[in-house]
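**Q** Here the sequence shown is numbered in the numbering used here, starting from 148 and rising by one per residue.
Here it is: the structure, laid out below.
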Amino acid sequence: MFNPTAMPSLADLQARYEIDPASPSGLSRIKATTGRNGRVGPVVSLGSDGYYRMQFNGQFYRTHRVIYYMHTGIDPAELVIDHRDGDCLNNNVENLRACTQQQNKWNSRRYAKSSDLPKGISKLPNGWYRVQVSINGEPHVSELANIRAAKNYLKTRRKESHGEFARNE
């Protein structure tokens, strides 16, 4: 379950950090602090979850949430910050948007599996294809004769229900 950490004061963050497209994480420290990680320069700490993270006043924050907050001035609070392109290391401000957990799931890539089929499509023993998509929390399943029809059906249904968060990869 997602449990966000309350954001610190925007003024305090802006006094020590700046959004920096040249930094790998998209954020740089502009004022040195005490401790071994208090150097001026890019924030490059990578957490075990694969996201850049930073420490501010003894508390860890995901860097993409801080960048969104500093860019928009809006505390994301209970919302998730989504990476439009699905790359959790791309913290460019144009790639970040606030959304619900459900919208973030819609924009997720499929889990690695042995099949080369797109997310939501599986091949049945009879040669047909099963397509499954969630619409308003309800699973919708359809069986289609060929892969092209299955992909088109899935793309159309996702676009209708998921809007800008539809991912068809």
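Heads up, the beta-carbon is just placed ideally off N, CA and C, and yes, glycines get one too.
On a predicted model such as this, the values are computed, not experimentally measured, just so you know.
(1) Shortest alpha-carbon distance to residue 292 belongs to which of 302, 269, 285 and 160?
(2) Does the segment 189-197 come into contact with the segment 216-229, if we say contact requires no fewer than three beta-carbon pairs (one atom in each stretch) closer than 8 angstroms?
(3) Judging by CA-CA distance, which residue of 154, 263, 215 and 298 is the nearest neighbour of residue 174?
(4) Opposite residue 287 in the DSSP bridges: which residues?
(5) Give the secondary structure of residue 166 by DSSP, where H, G and I count as helix, E and B as strand, and everything else as coil.
(6) Ends of the alpha helix (DSSP H) at residue 214?
(7) Assuming residue 280 and residue 304 make a contact with CB atoms under 8 angstroms, what is their CB distance in whole Å?
**A** Result, derived from the coordinates:
(1) Working through the sequence shown from its first residue, we reach residue 292 at position 145. Answer by Cα proximity: 269.
(2) No contact exists between the segment 189-197 and the segment 216-229.
(3) As a first step, residue 174 is located in the sequence shown; it is residue number 27 there, counting from the start. Closest by alpha carbon: 215.
(4) Stepping through the sequence shown from its first residue, residue 287 is reached at position 140. According to DSSP, residue 287 bridges with 280.
(5) Taking the sequence shown and counting its residues from 1, one reaches residue 166 at position 19. In the structure shown, residue 166 sits in a strand (DSSP, three-state: E or B).
(6) Walking along the sequence shown from the start, residue 214 turns up at place 67. For residue 214, the enclosing alpha helix (DSSP H) stretches over residues 210-219.
(7) Counting from 1 along the sequence shown, the entry for residue 280 is found at position 133. Counting from 1 along the sequence shown, the entry for residue 304 is found at position 157. Confirmed, about 5 angstroms.
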